[in-house]
């Protein structure tokens, strides 16, 4: 349990400009998706799973978003603004979606496509979990399908009266699914060019830090 109501709040301070340049160098990072054909985002149905995907998304330099069920109209519009920005940079927006295998979860990618196409034009949405083949492979525990869901009739006709939660997959499996989907979308030559440019910029920053006293004379 973290008590955030009794934490001391204060401003950041630096002993000299060299110290803040050093801090900046430690966090400096170029956009790994610069110049790539695709611009990928990971959308996950549940906020509770954000911690599971945080590390792999950070490693792949892919933004992620917890939809919390069906995405609100305001958030969908903000997403559309990002998609339009990607398209302006000649990149194809590519949303990877993970959700429950239940009437609403199965329908969510369709909803994303419909509303994003209304706002931003054609985009690609790929549902990578939870899918039927994963249910067969990993045998997660089933739950009764919610008959009160307005999409239940169609679901029942296809999958029967059981549904499954994404949470039932091992975190490692979820992370591996994201990696296996994202990595083939990366142009490795362009990625290496960005990483080389970043290394050169870091050399400049580190030299400033190393020689700050001389530069300040």
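Numbering (my numbering), first residue to last: 87 to 303.
Yeah, the Cβ is synthetic: ideal placement off N, Cα and C, and Gly gets one too.
Checking the sheet assignment: what are the DSSP bridge partners for residue i?
i, result
"residue 229", "249"
"residue 129", "151 and 183"
Is residue i helix, strand or coil by DSSP?
i, result
"residue 114", "coil"
"residue 195", "helix"
"residue 180", "strand"
"residue 148", "coil"
"residue 46", "What is shown of the chain runs 87 to 303, which leaves residue 46 out entirely."
"residue 124", "strand"
"residue 93", "coil"
"residue 200", "helix"
Just mark residue i as buried or exposed, buried being the case when its beta carbon has 16 or more other beta carbons within 10 Å.
i, result
"residue 100", "exposed"
"residue 129", "buried"
"residue 139", "buried"
"residue 189", "buried"
"residue 165", "buried"
Can you name the start and end residues of the alpha helix (DSSP H) that residue i belongs to?
i, result
"residue 282", "274-296"
"residue 170", "159-174"
"residue 262", "257-268"
"residue 218", "218-224"
Measuring only between beta-carbons, confirm whether residue i sits less than 8 Å from chain B.
i, result
"residue 253", "Note that chain B does not occur in the displayed structure, where there is just one protein chain."
Since I believe residue j is in contact with residue i (beta carbons under 8 Å), could you give me their beta-carbon distance rounded to a whole number of angstroms?
i, j, result
"residue 214", "residue 267", "5 Å"
"residue 124", "residue 177", "6 Å"
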